[in-house]
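In terms of this note's numbering, the sequence shown has 197 at position 209, counting the first letter as 1, and numbering is strictly consecutive. The structure appears below as structure tokens.
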Amino acid sequence: MTDFFANIPQLKYEGPETDNDFAYRHYNPDEIVMGKRMEDHLRFAVAYWHSFAWEGGDPFGGRTFDRPWYGEGMQQAKMKADVAFEMFDRLGVPFFCFHDEDVRPAGADFAETTRNLEEIVDYFGEKMESSGTKLLWGTANLFTHRRFMSGAATNPDPEVFAWSAATVKTCMDATHKLGGANYVLWGGREGYETLLNTDLTREAEQAGAFLSMVIDYKHKIGFKGQILIEPKPQEPSKHQYDYDVATIYGFLKRFGLENEVKLNIEQGHAILAGHSFEHELALAGSLGILGSIDMNRNDYQSGWDTDQFPNNVPEVALAYYEVLKAGGFTTGGTNFDAKLRRQSLDAEDLILGHAGGMDVCARGLKAAAALLEDGGLEAARDARYADWDKPENKAMLHSDLASIEARVRDQGLNPEPRSGRQERLENLWNRYL
Ligand code: XLS
Ligand code: NI
Ligand code: NI
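Next comes the structure, spelled out in structure tokens:
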């Protein structure tokens, strides 16, 4: 036991009326929502990097946090793990997520770095066994070290491609060993700073080959988790190839991988791409590739990926509506890819940031479930398209222009516009928020 969270109790559900800061007002893991426990709907995960590895720097200043585990050794890495699992326990979150770089010290070379990862993976294994905390996903950090500055899989230097492939293999091994439910690929440096030095054709072929190898390896080792790609349009690159849901779907189709890969969709990234979160989720749901979510918002004025805990119930509700409509999470879940503000120095802040986010998500989920169970929105949507279910209209989708022209003339068709009823539907939504 460390003493980092010494004065902080384990958080329990106490209901909306409690005045205890260290309690849940809305997140009640055992409450049944649409026939399923709330915990099993939301599947919350803590992001190891933001909570335990990030030091509070911004582009104008360095570390603001002062944690006893900062430093490069294995001892420090183990203390970090001790504190992390103590936090999972205080919060009662069922999952966590990590990059290799967050959890192990770097070694002198690839082999030593891998041994360090394996040592930490064994340490995690024991802690997961005794605590019951599970791994939502593992991933490789292919963006922090300077060797990745021109890309990982899409690097013009084949040795960087090789290093990246080897690293992903070790991270997939780690994720598999820990029983991870998914493996994530976020292409932080897969993009370009300038088109002047970039060969788009080669870089796409490299990315396609890389992803095919990831999928082959998954099958080779018998990893049953889902491979997920996380879209993001900019930051850190000027342009990133995995721009948004639609772009990734096109990429998957191009390489014939659309049945092997789903997406991990992040709220803040959707906004950076000029979409709403619910747009990205609805599109992924419609394409059958909605896998998991990173539930962290941006500051809408800064226009950057500020990774804040969610605090807007109506926004979150729209998101969970799309998740529920797509059938809910299977392997996926709600990862807080969120970090404290750099002035939030205390251990308490870490706990309360997550607790607040969990309560906001619980409220959003309950609102979304209530609207879905009401059925009003879906009935209105169905009614809007109902004429397409008539045989003569259905047949038109397999017809041809000349026959359709004949039909328009013969039947004297002259369509009358009908209301889209947007305000009425918005009013319906607001009854549940
Ligand atoms: C960065 C991404 C990253 C991924 C995991 O913006 O959100 O944190 O989720 O590599
Ligand atoms: Ni992000
Ligand atoms: Ni993310």
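Backbone N, C-alpha and C define an ideal beta-carbon position, used for all residues, glycine too. The structure displayed is predicted, hence computed values, not measured ones.
Give the DSSP bridge partners of residue i, in chain order.
i      : result
Gly179 : Gln228
Ala33  : Phe83, Asn323
Ile253 : Ile281
Phe170 : One point to set straight first is that residue 170 is Asn, not Phe, in the sequence displayed. Answer is Trp125, Gln214.
Ala358 : According to DSSP, which records beta bridges pairwise, Ala358 is partnered with nothing at all.
Tyr12  : Tyr1
Val21  : Lys24
Gly49  : Asp46
Restricting to Cα atoms, I'd like to know which of the options is closest to residue i.
i      : options                        : result
Asp18  : Thr158, Gly3, Asp9             : Gly3
Gly256 : Asn299, Gly238, Cys85          : Asn299
Gly276 : Ala234, Ala153, Val301, Tyr373 : Ala234
Ile209 : Leu130, Cys159, Gln194         : Cys159
Tyr36  : Ala383, Phe324, Glu380         : Phe324
Glu117 : Thr132, Lys165, Ala153         : Lys165
Arg406 : Tyr420, Leu413, Arg372         : Arg372
Thr322 : Thr142, His207, Asn381, Glu27  : Glu27
Glu303 : Ala258, Thr319, Ala394         : Ala258
Ala162 : Pro144, Thr127, Thr132, Leu173 : Thr127
Asn129 : Leu389, Pro144, Phe86          : Phe86
Thr182 : Arg103, Trp125, Leu260, Met137 : Met137
Glu100 : Asp77, Thr155, Pro146, Pro403  : Thr155
Between which two residues does the alpha helix (DSSP H) holding residue i run?
i        : result
Ile215   : Ile215 -> not in any alpha helix (DSSP H); beta strand (DSSP E) instead, spanning 214 to 217.
Glu411   : 410 to 418
Asn104   : 98 to 119
Thr163   : 146 to 165
Leu269   : 265 to 275
Pro302   : 301 to 313
Met137   : No alpha helix (DSSP H) holds Met137; DSSP gives it neither H nor E.
Met(-11) : First-last for Met(-11): undefined, no H or E at that position.
Lys208   : 188 to 209
Arg369   : 364 to 373
Ala234   : 233 to 242
Grab the span of the beta strand (DSSP E) containing residue i for me, first residue to last.
i      : result
Asp282 : 278 to 282
Thr127 : 122 to 127
Applying the criterion that 16 or more other CB atoms from any shown protein chain within 10 Å of the CB defines a buried residue, is residue i buried or exposed?
i      : result
Asp230 : buried
Ala367 : exposed
Phe48  : exposed
Leu188 : exposed
Tyr171 : buried
Trp292 : exposed
Arg31  : buried
Ile108 : buried
Lys378 : exposed
Closer than 5 Å from C-beta to any heavy atom of ligand 3: which residues, in chain order? Per the Cβ criterion, the list is Glu254, Asp282, Asp325.
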